[in-house]
Amino acid sequence: MNKTTLTLSPDNAGITRAAELLRAGSLVAFPTETVYGLGADARNDLAVAGIFEAKSRPRFNPLIVHLPDIEAVEKIATLPETARRLTTFWPGPLTLVLPRRPDSGLSDLVTAGLETVAIRIPAHPLARELLRKFNGPVAAPSANLSGKVSPTTAEHVLEGLNTRIAAVLDGGPCGVGLESTIVGFDDNTPLLLRAGGLGVEEIEAHLGQKLHTPDSQKITAPGQLKSHYAPSVTLRLNATAPTKIEAWLGFGPHDFTVPTLNLSPTADLREAAANLFAYMRELDRIASAQSITQIAVAPIPMTSLGLAINDRLERAAAPRP
Ligand code: TXA
Ligand code: MG
25 MNKTTLTLSP
35 DNAGITRAAE
45 LLRAGSLVAF
55 PTETVYGLGA
65 DARNDLAVAG
75 IFEAKSRPRF
85 NPLIVHLPDI
95 EAVEKIATLP
105 ETARRLTTFW
115 PGPLTLVLPR
125 RPDSGLSDLV
135 TAGLETVAIR
145 IPAHPLAREL
155 LRKFNGPVAA
165 PSANLSGKVS
175 PTTAEHVLEG
185 LNTRIAAVLD
195 GGPCGVGLES
205 TIVGFDDNTP
215 LLLRAGGLGV
225 EEIEAHLGQK
235 LHTPDSQKIT
245 APGQLKSHYA
255 PSVTLRLNAT
265 APTKIEAWLG
275 FGPHDFTVPT
285 LNLSPTADLR
295 EAAANLFAYM
305 RELDRIASAQ
315 SITQIAVAPI
325 PMTSLGLAIN
335 DRLERAAAPR
345 P
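Under my numbering, the first residue of the sequence shown carries the number 25, and numbering increases by one thereafter.
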């Protein structure tokens, strides 16, 4: 938690400071042409966990990665032909959900463990300057508390997030005022995932085809299917101790001798959130290799980031379809 949130001026000094703070793993709100984003280094697990903590988001929804140019996009994602044609709207209020490269270097929390990544090249000059100066991927949801409306001025950002983030780069009011339009792809078929600042008609006119609405049976909107994030072994939640034939996913100190990984030996929720996806995957691998079919998971308190951690664990523990 920060004492006060710095307001940074929209000049070279302000942008340089904002980039330094991002590099140090701090949270910085910045203007885009749609709404203000709450930015963190998308490669830094702890920084990204901080976004969910600052917003009090009860779920690890995947985040949009902001980049300065198409060269940067190609380093972390691949572009199906239809997606490539839509890049004509960049920079601008359009987000594309693209197949993520295995070596993207992104934190698992950014993509919520998905194989895809949402990417946007914003048009706002301050956002572009900041992204160029930072020279890396910036994860940023809208800079509001969870459940509140998206902020379109630096004052709005501070109303919700003052003392919760390091700084806000003040660029005055946002021009578009609503979030970006999100388009995903089923192979080459374009899907409208969220209506927003770029008109659907404009997109359809450029492609010469209609946007489809996602089939609700398919996993296009993440987090909707309860068991989407299930590992191959089963999970037993809120366990006080593992049985002899279980592995243990810990939180806080313990001295069990079964195969184990500890989300946070000191019971720090932010550290636990930062480790969650990687440890679930790793313990799944370790358990499977030793023919262990169940992981017992320590209780995680239902406060702060504990809500999102428990939400994700419950999805992983839900019965398979
Ligand atoms: O204009 C905007 O889009 C603003 C500015 C800051 O860029 N950002 C924004 O982010 O609205 P947020 O986190 O509030 O909304 C991101 C949306 C979420 O609904 C999320 O589910 C979706 O993007 N999303 C992110 N990654 C996804 C993925 N891999 N597949 C499907 N949807 C994804
Ligand atoms: Mg939002």
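Heads up, the beta-carbon is just placed ideally off N, CA and C, and yes, glycines get one too.
> Enumerated in chain order, which unbroken segments of the alpha helix (DSSP H) with a length of 4 residues or greater are wholly contained in the stretch 91 to 166?
Replying inline: 94 to 100, 105 to 110, 132 to 135, 149 to 158
> What are the uninterrupted segments assigned as beta strand (DSSP E) that are 3 or more residues long and contained completely in the stretch 180 to 233, given in chain order?
Replying inline: 191 to 193, 205 to 210, 213 to 218
> Taking 6 Å as the cut-off, does the CB of Ser174 come closer than this to any heavy atom belonging to the ligand MG?
Replying inline: yes
>> Under DSSP, the beta strand (DSSP E) around Val64 begins and ends at which residues?
In response: Reading off the sequence, residue 64 comes out as Ala, not Val. Looking at the DSSP string, the run of the beta strand (DSSP E) that includes Ala64 is 60 to 65.
> With DSSP run on the structure shown, which of helix, strand or coil describes Thr264?
Replying inline: coil
>> On the criterion of 16 or more Cβ atoms from any shown chain inside 10 Å, does His230 qualify as buried, or is it exposed?
In response: exposed
> Would the C-beta of Pro165 count as close to the ligand MG, meaning under 6 Å from any of its heavy atoms?
Replying inline: yes
> Could you give the residue range of the beta strand (DSSP E) that holds Glu270?
Replying inline: 270 to 274
> Based on the DSSP secondary-structure assignment, which residues constitute the bridge partners of His236?
Replying inline: Leu215
> Three-state secondary structure (DSSP) at Asn68?
Replying inline: coil
> Using 8 Å as the threshold, is the stretch 174 to 184 in touch with the stretch 152 to 159, meaning 3 or more CB pairs across them?
Replying inline: no
>> Quick check: what's the CA-CA separation for Lys99 versus Arg125?
In response: 8 Å
> Applying the criterion that 16 or more other CB atoms from any shown protein chain within 10 Å of the CB defines a buried residue, is Met304 buried or exposed?
Replying inline: buried
>> Only counting the same chain, and skipping five residues up and downstream in sequence, which positions put a Cβ closer than 6 Å to that of Ala71?
In response: Gly49, Ala64, Asp65
> Using a threshold of 6 Å, is the CB atom of Pro86 nearer than that to any non-hydrogen atom of the ligand TXA?
Replying inline: yes
> When you compare only the Cα positions, how much space is there between Gln241 and Ala322?
Replying inline: Confidence is the limiting factor: at Gln241 the pLDDT is only 47, short of 50, which leaves the residue's position unreliable, though a coordinate-based value still follows. The straight-line gap from Cα to Cα measures roughly 32 Å.
> Is Ala271 near Val282, with beta carbons less than 7 Å apart?
Replying inline: yes
> How would you write the range of the alpha helix (DSSP H) that Leu293 sits in, first residue to last?
Replying inline: 293 to 313
> With distances taken from CA atoms, which of Ala147, Gly171, Arg144 is nearest Gly184?
Replying inline: Gly171
>> Just to confirm the assignment, what range does the beta strand (DSSP E) spanning Ala320 have?
In response: 318 to 321
> Exposed or buried, Ser251, counting other C-beta atoms within 10 Å across all chains shown (16 or more means buried)?
Replying inline: Legend: pLDDT at Ser251 = 42, less than 50; position of this residue unreliable, no value from coordinates given.
> Should Gly61 be listed as close to the ligand SAM, given that the test is whether its C-beta is under 6 Å from any heavy atom?
Replying inline: This structure simply doesn't include the ligand SAM; it includes the ligand TXA and the ligand MG instead.
> Within the chosen definition, does the stretch 255 to 269 reach the stretch 319 to 337 through at least 3 CB pairs nearer than 8 Å?
Replying inline: yes
> Who pairs with Pro86 in a beta bridge, going by DSSP?
Replying inline: BP columns for Pro86 are empty, so no partner.
> Comparing alpha-carbon positions, which option in Gly220, Glu57, Ala42, Asp132 lies nearest Pro197?
Replying inline: Glu57
> With respect to the beta strand (DSSP E) encompassing Asn286, which residues constitute its N-terminal and C-terminal limits?
Replying inline: 284 to 286
>> Taking the straight line between their C-alpha atoms, what separation do you get for Val52 and Asp35?
In response: 15 Å
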